[in-house]
Every structure is written in structure tokens, then in C-alpha cells.
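In my numbering, the protein residues as written are 3 to 698.
Have a look at the structure below, then the notes.
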């Protein structure tokens with residue numbers, strides 16, 4: 003996961019050795035257009051790419067899912083039926099959807115560390131660093147419509163500043179039905195072979211000067227500095243591949259003690275909680291289409307990391323990651339001793355071991371609180387927002403309370419649109435039982451330990467104002483004092499406050515105290531790794547900034563006597579087809595196209611319709627929607643997932659089994675052209691065909 007502005011040298015040489023035909027300057031340049039200008043951050047959590055001179059943008063179906071859902075109703079169900087704008091006036095605006103481009107990257111490490119080294123405590127150092135970051139972000143030269151942000155790299159050993167432009171008028175252009183864009187759904191998620199056409203199309207609009215602007219009817223399509231031609235030439239095993247995007251978070255350099263805790267304690271707890279929530283939601287969604295629409299996006303979000311954590315744990319065990327990290331730590335200590343640097347690094351590993359043993363119950367309690375109260379029981383998460391509101395009242399007074407209250411009321415409207423109290427009641431019943439019986443008891447109030455889940459659920463959902471939007475507004479109506487008094491009489495709020503008070507007083511302070519020690523140790527450990535292993539190729543952990551990863555199209559062996567080929571085909575969709583099944587149903591039109599072999603110009607040389615492929619690129623969450631490029635910088639695929647056996651790559655990357663999964667660009671073109679008949683979009687693209695077919 004390399005920084006695009008720092009590719010010159012060994013990275014560029016290796017990329018060329020693997021087959022790349024372009025240069026590092028073609029990938030990143032400040033003074034001329036380059037590939038980085040076609041790769042924006044999509045909605046803060048995904049990646050996208052520009053594919054036309056008129057602002058047309060390609061990303062994953064699951065990245066655009068919330069926006070597709072927001073336009074969907076039972077009468078106009080774009081999730082089920084798909085959506086295509088056959089002219090620009092049909093494109094749908096999306097409130098709060100943003101797309102951000104990187105304009106410039108600059109190393110500002112020296113400026114961030116000014117006045118830091120002489121400070122005595124880690125808290126003082128971090129405070130000074132934050133002050134320096136805030137000051138430099140504000141003062142750094144940039145255009146009026148641009149922003150500056152600073153991110154830390156190598157666990158606080160390097161700081162880079164990014165100048166960005168954020169566009170706020172982004173409109174939905176096209177999305178296949180979920181039976182294509184989400185084919186295989188949760189069963190196929192994180193696995194190979196994959197047969198999901200996981201893509202959607204949006205368009206960025208700008209003001210008349212091509213600058214960012216709020217939505218306006220007279221905005222015009224954005225003209226990007228660069229957009230990707232799309233290759234219909236196809237790929238084969240060992241071809242060079244490059245993925246650009248915004249990977250969210252990796253922890254490649256954690257010590258063995260941390261990884262052991264993730265495998266044995268933290269992941270199992272989170273998996274069990276989400277498993278319980280998902281089973282309840284799935285039962286309701288299968289019986290009621292309105293609930294299916296309400297919960298489709300939420301369910302997918304919960305299931306995504308539930309399954310990821312399962313695969314991650316299996317992969318870490320299978321790859322023997324803990325033992326391998328222990329071997330590395332032994333070498334690290336030997337090099338510390340040989341260099342005579344015991345005063346700086348000598349107790350580092352033993353300090354890690356002590357801290358991770360001490361933080362273990364607090365980390366488990368933190369995950370239970372986060373997963374149950376903040377994420378998966380909606381009524382508890384609603385109540386926690388009100389708990390924070392009361393904290394604002396206690397600390398900042400009436401006016402701050404009123405401002406926050408009004409914002410909450412506005413924000414809650416969208417949450418309640420996709421809320422079902424009967425679903426949430428059954429989820430609550432399951433999760434409060436897990437919280438009471440599995441979270442470390444020494445941190446739980448006695449009444450929580452003795453709670454009867456069914457009785458508590460019935461009491462809360464029969465009497466709380468938080469079960470519907472009108473009730474919430476009634477609860478929050480009035481002056482600050484009366485609202486707070488009324489909140490404290492609500493049974494759901496009373497439970498949340500009991501849990502949250504205990505967590506905030508007992509768990510959070512101690513967790514933060516130990517965690518800040520580990521952050522300081524991790525920074526020193528990272529510094530030591532770079533110092534004592536100078537010949538290793540050490541990339542910084544992902545932090546949602548633009549990165550480049552490169553590799554080759556390759557199959558793999560997940561287990562003994564099993565070999566996976568690197569390319570899947572439309573044939574696999576037909577093989578998996580189950581009529582009426584919400585995961586494996588297939589549109590009749592797609593079946594007809596398959597049997598007619600009506601694949602247009604997009605079939606391979608054998609007349610088959612390629613659908614997806616895998617490669618050795620190192621990706622993670624945030625790389626969803628990332629462009630996959632060939633040796634010449636043409637778009638050949640759209641990254642959307644990883645193989646299940648390799649999801650541990652966030653913590654330990656193994657080139658033998660870690661593979662990223664991409665929709666083949668030819669399948670995307672086939673769906674747009676032959677399935678949707680959106681020839682208006684095909685004509686807008688620059689498509690590179692094989693010599694035997696037409697070129698454009």
C-alpha cells in the first residue's frame with residue numbers, strides 16, 4: 003500500500019519488472035494530469051474512478067447502496083429492478099454524498115514535530131502534535147475551494163499533508179438490479195469464485211468554473227483532469243495489475259501479543275454478537291419485503307465485517323501469524339542487542355506483553371459496549387445519542403443543548419425511516435442477554451447481570467418513546483431542563499444511561515490509559531523496525547489516504563488438493579441460479595442473453611463472458627470501488643472484495659493466499675450495453691477493444 007508521490011526508485015523498478023509500461027510520473031504528478039486525478043475518495047468510505055470527460059464516475063454497487071436505497075420505494079424499487087438514467091435530466095441527486103480528489107501530497111513531518119521532542123509525557127507530546135497539525139492545516143497555501151488535511155504514517159513517525167477538493171453535487175446515473183450487483187449476497191461475500199456485478203454509476207456536477215458547488219439545477223458535469231479509458235482486451239494469468247484507492251485501516255506491524263488477543267478474545271466476541279443480530283434481521287427480511295428494503299443496507303453492513311472477522315481469524319490461525327510474529331520479534335531483539343540500543347528498545351517487547359495482558363478485559367468490555375449499545379441494538383444506539391445530549395447539557399448549558407437537540411431531531415428522521423421496532427425488539431432481546439452474560443462482569447452493574455432479556459425487551463418496547471419518530475420528537479419537545487427530566491423517565495434511556503455511566507466511569511478511562519501507552523510503544527517499535535530492517539520493503543499502514551498497490555493476476559490454493567483459477571465467468575451465475583431466492587435469483591433478461599450468447603463485443607476469444615478475476619494486490623476496506631489498471635493505465639476491473647482465506651491481510655499479509663477480487667470491466671460494459679441498453683453511457687466512454695474488434 004504505497005504512497006503514490008513516493009513511487010520513484012525501487013517501487014517503480016519493481017512495477018516495470020512486473021510489466022508496467024507507464025512511469026511513476028504518469029501515476030502521480032502535481033504539475034500535469036496523472037492517474038491520481040481520476041481516483042477520488044467516494045463518500046468518505048469507498049473509492050471511485052472517473053471514466054468520461056463529462057464527470058461520469060464508477061464505483062461499487064455496495065458503495066452506492068445507501069443512495070440507491072434512499073431513492074427506492076415499494077412502488078419504485080431500484081434495489082430490485084435497477085436504475086438507469088437514459089438522459090442527464092433523469093439523474094438523481096443525493097443529499098450529503100461527497101466525492102474528494104487529491105490535488106497535492108507534501109511531507110510535513112519536520113513541522114509537525116516542532117517543539118515536541120523535549121516534552122515529558124506522551125499526552126503532552128500528542129497535544130502539541132495536534133496543535134501543530136491544526137495550525138498547519140489552517141495556514142497551508144491553497145485555493146479558496148480547497149482543503150488541507152494532515153495524516154500520520156508509520157505509527158506517528160511521518161506526517162503528510164494532502165490538499166483536496168470535495169464535490170457535493172453527485173447524482174445517481176445507473177445501477178444494475180441487486181440480483182446482479184449483489185448476486186450471491188452474504189453467502190458469497192468474501193469468497194472465491196465470485197459472480198457479482200458489483201458496480202454503480204454516478205456523475206459529479208460542478209459550477210460553471212468546474213469548481214465544487216452545492217447541488218443546483220444549473221450545475222454542469224464536472225470535467226476531470228484525467229479519466230480512464232476502459233479496456234475490453236481482457237486479462238490472463240500473470241498480467242500486471244495496479245489498484246489505486248483509499249484503504250481504510252491495516253495493522254501490519256502489531257506485536258504478537260496484540261494479534262493473539264484479536265484471534266482468541268476480541269474477534270470471537272464480536273462475531274457472536276453480530277451473528278445473533280443477523281439471524282433476527284434475516285428472519286424478518288425473508289418474510290416482509292418492506293422490512294427487506296428498510297434493512298437491506300444495514301444488514302449488509304453488519305454482515306460484511308461479521309464474515310470478515312470469521313475469515314480473518316481462520317487465516318491468522320492457518321498462516322501461523324502469531325508464531326511468525328514471535329520469530330520476527332526474536333530477530334528484532336537480537337538486532338537491538340547487537341546495535342547496543344537496549345536503552346531505547348530493550349524493554350519494548352516486554353512492555354507490550356505487560357500492557358496487552360492488562361488491557362485485555364477492558365478491550366473485551368469496550369467491544370461489547372460498542373457492538374451492543376452503539377452498533378447493533380438500534381434503540382440502545384438511539385438512547386446513547388440522547389445520553390450524549392445530556393452530557394452536553396451538563397457541560398455546556400442550555401444553548402449548546404438546544405443546538406444539539408435540533409440537529410438530532412433532524413438527523414433521526416432518516417434513521418426512523420429505516421427502523422422497525424418489532425425487528426429491533428428481538429435483536430435487543432438477544433444482544434442484552436449476551437451483554438449481561440459475556441461482557442466482563444467486574445465492569446457491569448449488578449442489575450444488568452441479573453436482567454431478564456425477554457421481560458426487559460417487553461417493558462422497553464411497550465413503554466419507550468424511542469420506538470418511533472413521533473415519540474422521539476415528543477420526548478425532546480421543550481426546554482432543556484424538562485427534556486432531560488423526561489428522558490430520564492424513559493425506560494430505554496434509563497437502561498442506556500445505566501450501561502453508559504458504568505462504561506464511561508470504569509472501562510473507558512483505564513482502556514485509554516493503557517492504550518496511549520501502547521500507541522507510544524507502537525511508534526517506537528515502528529521506528530525500530532525501519533532502523534534495524536533497512537533492506538525490508540516497509541510500507542505504512544492504511545489510513546484512508548490514497549495508495550497504490552500492484553501485483554499480478556493469479557489463482558491460488560486455499561487448501562490441499564484445491565486450486566482456484568483466476569477468472570470466473572457468467573456460466574457460474576447460471577450454475578448458482580436459484581429461482582426466487584433473494585441471494586441467487588437471476589433476471590430473466592440476463593438468462594436470455596446468456597443462452598443466446600449475446601455478449602456483444604465483450605466476450606473473450608473463446609466466446610465466454612468473463613465476470614470477475616483475482617490478483618495479488620494488497621487491498622482492504624476502503625478499496626471498494628478502486629480502479630484496477632493494466633500495464634498502460636487502462637481500466638480492466640473494479641475492486642470489490644478479498645478472498646475469505648486472505649482477509650487476515652489487514653494484520654498479516656501472505657502472498658500465497660491473499661487475493662483481491664475485481665469485477666471484469668468487460669462484464670460492466672456488457673451489463674450497461676446489452677442488459678440495460680444504456681447506449682447513451684457506452685457512447686460517452688473511451689473503450690479500447692482488441693484488434694479483432696471495433697475500437698473507439
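The C-beta atom is built at its ideal place from N, Cα and C for all residues, glycine as well.
Return the first residue and the last residue of the alpha helix (DSSP H) that residue 347 is part of. 344-347
Let's test the definition: count the other Cβ atoms within 10 Å of the Cβ of residue 487 and tell me whether it reaches 16, buried, or not, exposed.
exposed
With three or more C-beta pairs closer than 8 Å as the rule, is the stretch 418-433 touching the stretch 379-387?
yes
Item checked: Exposed unless 16 or more other CB atoms sit within 10 angstroms - verdict on residue 79 -> buried
For residue 241, which three-state DSSP category applies? coil
Go to residue 644, then tell me how far its beta strand (DSSP E) extends in each direction, as first and last residue.
Residues 637-644.
The stretch 409-418 / the stretch 517-536 touching (three or more Cβ pairs under 8 Å): no
* Among 426, 236, 327 and 458, the one whose alpha carbon lies nearest that of residue 690 -> 236
Could you work out which residue in 573, 548, 609 and 560 is closest to residue 4 when comparing CA atoms only? 548
What residues are listed by DSSP as bridge partners for residue 104? 166
- Can you tell me which of the three DSSP states residue 503 falls into? Three-state result, residue 503: helix.
query: Is there contact between the stretch 106-114 and the stretch 80-97, where contact requires at least three CB pairs shorter than 8 Å?
result: no
Practice problem: Return yes when the Cβ of residue 192 is within less than 7 Å of the Cβ of residue 313, no when it is not. | Solution: yes
- In the DSSP assignment, what are the bridge partners of residue 172? 206
Item to check | Continuous alpha helix (DSSP H) stretch holding residue 421: start and end | outcome: Careful: residue 421 lies outside any alpha helix (DSSP H) and carries neither H nor E.
Item to complete: Answer with buried or exposed for residue 132, where buried requires no fewer than 16 other C-beta atoms within 10 angstroms of its C-beta.
Response: exposed
In angstroms with no decimal places, state the Cα-to-Cα distance between residue 641 and residue 47. 14 Å
Item checked: Contained beta strand (DSSP E) runs [length at least 3] in the stretch 244-314, N- to C-terminal order -> none
So what's residue 456 in DSSP terms, helix, strand or just coil?
Of the three classes helix, strand and coil, the one that applies to residue 456 here is helix, per DSSP.
Does the distance from the C-beta atom of residue 654 to that of residue 365 stay below 7 Å?
no
| request: Grab the span of the beta strand (DSSP E) containing residue 662 for me, first residue to last. | output: 662-666
Notebook entry, point to check: If we count the other Cβ atoms within 10 Å of its Cβ and call it buried at 16 or more, is residue 551 buried or exposed?
Noted result: buried
Alpha carbon of residue 514 to alpha carbon of residue 506, nearest angstrom: 11 Å
Quiz item: Cα separation between residue 245 and residue 53?
Solution: 15 Å
By alpha-carbon positions, which one of 371, 301, 436 and 66 ends up nearest to residue 95? 66
(request) For residue 678, I'd like the list of residues in its chain whose CB is within less than 8 Å of its CB, leaving aside the five on either flank, ordered along the chain. (result) 84, 86, 176 and 178
Apart from the five residues on each side of it in sequence, which residues of its chain come closer than 7 Å, Cβ to Cβ, to residue 600?
-> Counting only Cβ-Cβ distances below 7 Å, and skipping sequence neighbours, we find 676.
Requested in this report: From the DSSP output, read off the bridge partner residues of residue 558.
Outcome: 566, per the DSSP bridge assignment.
Q) Helix, strand or coil: how does DSSP classify residue 49 here? A) strand
If you drop the 5 nearest sequence neighbours on each side, which residues of the same chain put their C-beta closer than 7 Å to that of residue 335? 351
* Just how far apart, CA to CA, sit residue 292 and residue 284? -> 13 Å
ask   = Does DSSP put residue 379 in a helix, a strand or coil?
value = coil
* How would you write the range of the alpha helix (DSSP H) that residue 70 sits in, first residue to last? -> 67-72
Going by alpha carbons, who is nearest to residue 56 out of 40, 64, 62 and 45? The candidate whose alpha carbon is nearest that of residue 56 is 40.
Any contact between the stretch 188-204 and the stretch 220-232? By contact I mean 3 or more CB pairs, one from each, below 8 Å. no
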